[in-house]
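In terms of this note's numbering, the sequence shown has 136 at position 136, counting the first letter as 1, and numbering is strictly consecutive.
We put the beta carbon where it would ideally sit given N, CA and C, even for glycine.
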Amino acid sequence: MQLVGCAGLAGNVIKCVAVNEQLRGEILSARLLAEVENAALARGHFHLFLCTRPCNKERFSRSGFWPIAQSGNNAVLMENTPQGIERYCRALSAKRKCGEKVGAIVMNANPFTLGHRHLVEQAAQQCDVLHLFVVREDASFFPFSARLEMVRAGVAHLPNVIVHEGSQYIISRATFPAYFLKDTGKVQQAWSEIDVLIFRDHIAPALGITHRFIGSEPFCDITRQYNQTLHALLSSRIDVVEMPRIKATGNAISASEVRRLLKTQQFTRIREIVPESTFAHLEAHYSARAEVA
Numbered sequence: 001m002q003l004v005g006c007a008g009l010a011g012n013v014i015k016c017v018a019v020n021e022q023l024r025g026e027i028l029s030a031r032l033l034a035e036v037e038n039a040a041l042a043r044g045h046f047h048l049f050l051c052t053r054p055c056n057k058e059r060f061s062r063s064g065f066w067p068i069a070q071s072g073n074n075a076v077l078m079e080n081t082p083q084g085i086e087r088y089c090r091a092l093s094a095k096r097k098c099g100e101k102v103g104a105i106v107m108n109a110n111p112f113t114l115g116h117r118h119l120v121e122q123a124a125q126q127c128d129v130l131h132l133f134v135v136r137e138d139a140s141f142f143p144f145s146a147r148l149e150m151v152r153a154g155v156a157h158l159p160n161v162i163v164h165e166g167s168q169y170i171i172s173r174a175t176f177p178a179y180f181l182k183d184t185g186k187v188q189q190a191w192s193e194i195d196v197l198i199f200r201d202h203i204a205p206a207l208g209i210t211h212r213f214i215g216s217e218p219f220c221d222i223t224r225q226y227n228q229t230l231h232a233l234l235s236s237r238i239d240v241v242e243m244p245r246i247k248a249t250g251n252a253i254s255a256s257e258v259r260r261l262l263k264t265q266q267f268t269r270i271r272e273i274v275p276e277s278t279f280a281h282l283e284a285h286y287s288a289r290a291e292v293a
């Protein structure tokens with residue numbers, strides 16, 4: 001028995017499409033895609049994405065996929081509709097508000113800390129309108145529904161902040177399907193460039209965004225490199241404003257520290273670095289008393 005080809009499916013993302021070199025051709029590739037698309041439909045996934053090398057873009061285009069954004073020669077993100085990103089942006093534009101300075105923040109908020117709140121408050125003071133996007137993928141310690149709830153509660157006192165549920169066009173590094181890139185540096189570059197280009201070319205124009213606010217990153221190399229990509233790709237069209245992190249007990253506040261303290265039930269220390277609304281959520285759902293109840 002000979003393996004002639006394979007294709008995988010993770011949620012609504014087509015992955016690992018490969019065909020035996022001796023048998024490569026349009027017909028076999030198209031049949032593979034058709035089979036995996038049928039499997040996706042059977043699972044209720046109608047809007048599909050795939051990420052591939054740019055040299056394969058034309059082949060997938062002939063099979064009904066359209067490019068969304070491309071990272072040089074590293075990767076191109078595609079979807080199975082010519083109207084997907086446009087339809088999403090039309091829906092976004094319904095929330096467009098007039099203003100001379102319109103800002104945006106994208107955050108995971110895993111969970112929402114005093115550092116996150118400080119960034120939002122400072123940005124809101126500088127803007128007529130501030131759009132706050134919460135990354136949607138459930139690839140974090142806290143599920144999306146919980147993170148969204150904590151963010152909304154934490155910024156409820158800011159009338160010019162509009163909270164958006166993230167979409168699949170705001171890409172999580174954890175779920176970026178760059179399985180075909182062996183170099184982790186290229187994976188990081190491809191993810192960050194595609195995510196930033198989608199924001200620059202589609203999301204920002206839909207909402208009239210003029211400024212993108214980010215927090216400085218003293219801990220995570222991946223986030224720090226992502227911030228550099230933002231500066232490089234946005235600066236010609238959108239002002240990137242990088243703000244220093246606030247500190248508690250001498251150290252920069254981080255969501256990872258909250259998660260670490262949560263594992264050992266150190267709620268007294270957690271209270272020092274999260275808003276009361278976040279603390280109430282954590283105590284209700286993650287304390288030993290809550291588990292017993």
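Residue j beta carbon less than 8 Å from that of residue i
i, j, result
"Val76", "Lys57", "yes"
"Pro177", "Lys15", "yes"
"Pro67", "Ala255", "no"
"Arg237", "Arg260", "no"
"Leu282", "Ile273", "no"
"Ile246", "His47", "no"
"Gly99", "Asn80", "no"
"Val13", "Leu32", "no"
"Val135", "Val163", "no"
"Met243", "Gln122", "yes"
Whole-Å CB distance - residue i paired with residue j, under 8 Å assumed
i, j, result
"Ala109", "His116", "6 Å"
"Thr278", "Gly154", "6 Å"
"Leu233", "Leu207", "Not quite, the Cβ-Cβ distance comes to about 18 Å (not below 8 Å), so this is no contact."
"Ile222", "Tyr169", "With a Cβ gap of about 20 Å, Ile222 and Tyr169 do not count as contacting."
"Val161", "Val106", "Not quite, the Cβ-Cβ distance comes to about 13 Å (not below 8 Å), so this is no contact."
"Ala139", "Ser172", "5 Å"
"Glu257", "Thr229", "Not quite, the Cβ-Cβ distance comes to about 25 Å (not below 8 Å), so this is no contact."
"Val102", "Ile209", "5 Å"
"Asn74", "Gln189", "6 Å"
"His231", "Val241", "Incorrect: roughly 10 Å between the Cβ atoms, too far for contact."
Burial state of residue i (16 or more Cβ within 10 Å)
i, result
"Phe219", "exposed"
"Lys263", "exposed"
"Ser29", "buried"
"Ala288", "exposed"
"Thr268", "exposed"
"Ala284", "exposed"
"Asn251", "exposed"
"Glu276", "exposed"
"Asp294", "Nothing can be reported for residue 294, as the shown portion of the chain is limited to 1 through 293."
"Leu3", "exposed"
"Tyr286", "buried"
"Met1", "exposed"
"Thr184", "exposed"
"Thr113", "buried"
"Ile27", "exposed"
"Leu181", "buried"
"Leu41", "exposed"
"Ser235", "exposed"
"Ser61", "exposed"
"Ala156", "exposed"
"Ala280", "exposed"
"Ala91", "exposed"
is_contact[residue i, chain D] using C-beta, thresh 8 Å
i, result
"Phe112", "Although the question refers to chain D, the structure presented lacks it and comprises just one protein chain."
For this session: Inspect the CB distances between the stretch 118-130 and the stretch 205-217 and report whether three or more fall short of 8 Å.
Result: yes
Note to self: Three or more C-beta pairs under 8 Å: does that hold for the stretch 49-62 against the stretch 142-157?
What the structure shows: no
- Counting only runs of 4+ residues fully inside the stretch 1-74, write out the alpha helix (DSSP H) ranges in chain order. 26-42 and 57-61
Is the number of C-beta pairs between the stretch 31-40 and the stretch 1-10 that are closer than 8 Å three or more?
yes
query: Taking only runs of the beta strand (DSSP E) that begin and end inside the stretch 221-270, which ones reach a length of at least 3 residues, in chain order?
result: 239-243
What are the uninterrupted segments assigned as beta strand (DSSP E) that are 3 or more residues long and contained completely in the stretch 110-197, given in chain order?
129-134 and 161-165
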